[in-house]
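Here the sequence shown stands for residues 251 to 691, where the numbers follow the numbering used here. Let me begin by presenting the structure, written as structure tokens, before commenting on it.
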Amino acid sequence: MVPTAEEFDVVVIGGGPGGYATALYGANAGLRIAVVEKDRVGGTCLHRGCIPAKEFLETAHVYRTVAGAKEFGVQVEQPVVEFSTSQARKQKVVDGLWKGLQSLMKSRKIATFIGTGTLGANHLVTVDDGNGGTTELHGTHVVLASGSAPRTIPGFDIDGTIVMTSDEVLALEKLPGSAVVIGGGAIGLEFASMMSDLGAQVTVLEALPQILAGCDKDVAAVVARSFKSRGIDVRTGVQVRGHTPNSDGGTTVNFGDGEQVTVDAVVVSVGRRPLSDNLGLQGTAVKVNERGFVEVDERMHTGEPGVYAVGDLVAVPNIVHPALAHVGFAEGIVVIKDILGEDPIPVDYTRVPWCIYCYPEVAFAGMSEEAARALVAVIQHRRDQRACEHEGDHEPADVEGIAPAEIPFQAEVVVVRLIRAQLGIAGVGEALGWVDPGQAG
Ligand SMILES: Cc1cc2nc3c(=O)[nH]c(=O)nc-3n(C[C@H](O)[C@H](O)[C@H](O)COP(=O)(O)OP(=O)(O)OC[C@H]3O[C@@H](n4cnc5c(N)ncnc54)[C@H](O)[C@@H]3O)c2cc1C
């Protein structure tokens, strides 16, 4: 208890999806909540991520539909993109949602403090407003929800005009005529697809052997084929080596074994880094792993009693933690239920549905087919071993480095994959909502 600090049941640092979901759920349960946000509530998702990216993908969708209208007997002139209008529309949508979120938080009596929050000893949070002013808050519980920012790579300094991350692309008034997208993950492919639809010549450079690493090979192959047929140059297994800006604008990107491509812009999309370094965690028992993620257990507890963490900031040991807005929402609910002593069901990260809104859209829930097959093989092996043990002629051995006791005898495996072009429906992201992962096979 710190006498000078304002008192709350829960102080949340970071007002993105993880933070505001925790705050709203906690306020609904009658807890006194403070949210500390250094920029604007809504976080990456609302201002620099899901919402603006989907808004531009919708522009691309409208353009594609109009451009292909003749095929359906609808005669139209060749459409022209005015990206500044799309940018203005995007901003209107974002601002409207931002206003709505602020009103919602206010109506739930959540106290919002604008400034950078740092955690000190005894759950004391200091808010620095950036103008020399500080406020001290004390929470019976503290939730770290500071999220993530784009990663960069050496040799590609972000200048906001030639070399950009997703943050800068989403603020453009005019799209480049040509672009290299470094990174063939979900975000990189959404940008590649959107820019190509809207007339840019796009090259995707991916260091790994396939785009959408970690996803099913056949899904990645369908997307790669579709991209290539639309004129997107998809190169896998290539390293970028740097770039040389040209005197007349644009730049030449060096990659692979001496290959080059000259473009107007480079979009660096090589993943995201957790924002743990601005939380002042050094003097606490919060454990930060070697990649900067805050380690939590299945109830989102950090190493410091009473301090939780949610969202893009966290890593759960031995589990792939998806960096998705709805994962942050679900984790916020786990935190509040834990605080209330309600014995929460932990988030099952193996069943999280997710979608890539490129064209063709792809949606997933559960394991990849390869991972499911590997698990089934291991279970079968374990069962065979048990049969042998019962016959008394074998000691159980390790299976691919996993201790026998840790291998289950049975498991429920969920594999859901939807690809828009195959389904011929409006959007597989919505269709995924029709699938009950409990019924999926
Ligand atoms: C281009 C793009 C597209 C995406 N599309 C999707 C999608 O379609 N679907 C999906 O589910 N996810 C998508 N994501 C991911 C999604 O945006 C993130 O998973 C989500 O925003 C993470 O929420 P968060 O609350 O953990 O962090 P964030 O949204 O990053 O919010 C963290 C907040 O904390 C604030 N903050 C940081 N440090 C401090 C501090 N010390 N003090 C005070 N405030 C602080 C930040 O300003 C920020 O507002 C996308 C991301 C990007 C970049």
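Ideal placement from N, C-alpha and C gives every residue a C-beta, glycine not left out.
So, helix, strand or coil for K300, using DSSP? Numbered from its first residue, the sequence shown carries residue 300 at position 50. With the sequence shown as reference, residue 300 is identified as Cys, and Lys is not the correct amino acid for it. If DSSP states are grouped into helix, strand and coil, C300 belongs with the helices.
Can you look up F477 in the DSSP assignment and give me helix, strand or coil? The residue labelled residue 477 in the question sits at position 227 within the sequence shown. Three-state DSSP puts F477 in a helix.
Buried or exposed for G691, please, with buried defined as at least 16 other CB atoms from any protein chain shown within 10 angstroms of its CB. Numbered from its first residue, the sequence shown carries residue 691 at position 441. Note that G691 scores a pLDDT of 33, beneath 50, so its modelled location is shaky and nothing firm can be said.
Given V377 as reference, the closest of D447, A255 and K340 once Cα atoms are compared: On the sequence shown, position 127 is the one that residue 377 refers to. It is A255 whose Cα lies nearest to the Cα of V377.
What are the residues that DSSP puts in a beta bridge with R290? What you label residue 290 is simply residue 40 of the sequence shown in a count that begins at 1. In the DSSP output, where bridge partners are listed per residue, R290 has none listed.
Does any CB atom of chain B fall closer than 8 Å to the CB of L394? Of the protein chains in the structure, only one exists, and it is not chain B.
Do you know how far the Cα of A421 is from the Cα of V331? Translated into the one-based positions of the sequence shown, residue 331 becomes position 81. Translated into the one-based positions of the sequence shown, residue 421 becomes position 171. So the two alpha carbons sit approximately 16 Å from each other.
Identify which residue in G435, G389, S353 and L369 has its Cα closest to the Cα of V612. Here residue 612 refers to the residue found at position 362 of the sequence shown. Out of G435, G389, S353 and L369, G435 has the C-alpha closest to the C-alpha of V612.
First and last residue of the alpha helix (DSSP H) that includes P267? Locating residue 267 in the sequence shown gives position 17, where the first residue counts as 1. That run of the alpha helix (DSSP H) goes P267 to N278.
Integer-rounded CB distance, given that Y607 should sit under 8 Å from I569: Locating residue 569 in the sequence shown gives position 319, counting from the first residue. Locating residue 607 in the sequence shown gives position 357, counting from the first residue. With 8 Å as the limit, I569 and Y607 do not qualify as a contact, their Cβ atoms being about 25 Å apart.
Quick one: give me the first and last residue of the beta strand (DSSP E) that S398 is part of. Locating residue 398 in the sequence shown gives position 148, counting from the first residue. Element bounds for S398: S398 to P400.
Residues in the same chain with beta-carbon distance under 8 Å from G410, minus the five sequence neighbours each way, listed in chain order, please. Residue numbering aside, residue 410 sits at position 160 when the sequence shown is read from its first letter. Excluding sequence neighbours, G410 sits near E418.
Run the CB neighbour count on V626, radius 10 Å, all protein chains shown included, and call it buried at 16 or more, exposed below. One-based indexing of the sequence shown puts residue 626 at position 376. V626 comes out exposed.
Ligand 1 and N528: does any heavy atom of the ligand fall closer than 7 Å to the residue's C-beta? As a position in the sequence shown, residue 528 is number 278, starting the count at 1. Yes, the Cβ of N528 comes within 7 Å of a heavy atom of ligand 1.
On the criterion of 16 or more Cβ atoms from any shown chain inside 10 Å, does D562 qualify as buried, or is it exposed? By one-based count along the sequence shown, residue 562 stands at place 312. The residue is buried, with at least 16 neighbouring Cβ atoms inside 10 Å.
Return yes when at least one heavy atom of ligand 1 lies under 7 Å from the C-beta of H493, else no. The residue labelled residue 493 in the question sits at position 243 within the sequence shown. No, ligand 1 has no heavy atom inside 7 Å of this Cβ.
Own chain residues within Cβ distance below 6 Å of S476, not counting five before or after: Within the sequence shown, numbered from 1, the residue matching residue 476 stands at position 226. P610.
Contacting residues, own chain, Cβ-Cβ under 6 Å from G438 (five flanking each side not counted): Taking the first residue of the sequence shown as 1, we reach residue 438 at position 188. Same-chain partners within the cutoff: V431 and S519.
What is the rounded straight-line gap between the Cα of V316 and the Cα of E619? By one-based count along the sequence shown, residue 316 stands at place 66. By one-based count along the sequence shown, residue 619 stands at place 369. Spanning the two alpha carbons is a distance of roughly 36 Å.
So for C608, helix, strand or coil by DSSP? Position 358 of the sequence shown, counted from the first residue, corresponds to residue 608. Coil, per DSSP.
Give me the Cα-Cα distance between S398 and I595, rounded to the nearest whole angstrom. Numbered from 1 along the sequence shown, position 148 holds the residue referred to as residue 398. Numbered from 1 along the sequence shown, position 345 holds the residue referred to as residue 595. The straight-line gap from Cα to Cα measures roughly 25 Å.
G492: first and last residue of the uninterrupted beta strand (DSSP E) it sits in: For this step, residue 492 is matched to residue 242 along the sequence shown. First-last of the beta strand (DSSP E) with G492: V490 to P495.
Taking the alpha-carbon positions, what's the T582 to G269 distance? Within the sequence shown, numbered from 1, the residue matching residue 582 stands at position 332. Within the sequence shown, numbered from 1, the residue matching residue 269 stands at position 19. The residue asked about is misnamed: residue 582 is Gly in this sequence, not Thr. In a straight line, the C-alpha of G582 is about 7 Å away from that of G269.
Since F245 and V517 are thought to touch, with beta carbons under 8 Å apart, how far apart are those beta carbons, to the nearest angstrom? Given that the chain is displayed from residue 251 to residue 691, the structure contains no residue 245 and the question cannot be resolved.
In its own chain, which residues sit with a C-beta less than 6 Å from the C-beta of T309, not counting the 5 before and 5 after it? On the sequence shown, residue 309 is found 59 positions in, with the first residue counted as 1. So the qualifying residues of the chain are S336.
Could you tell me if the beta carbon of T366 falls within a distance shorter than 7 Å of some heavy atom in ligand 1? On the sequence shown, position 116 is the one that residue 366 refers to. Indeed, a heavy atom of ligand 1 lies less than 7 Å from the Cβ.
Of all the alpha helix (DSSP H) runs that stay within the bounds of the region 531 to 613, which reach a length of 4 or more residues? 575 to 589
Expected contact under 8 Å - CB spacing of L369 and G499 to nearest Å: Taking the sequence shown and counting its residues from 1, one reaches residue 369 at position 119. Taking the sequence shown and counting its residues from 1, one reaches residue 499 at position 249. Actually they are not in contact, since the Cβ atoms of L369 and G499 sit about 45 Å apart, beyond 8 Å.
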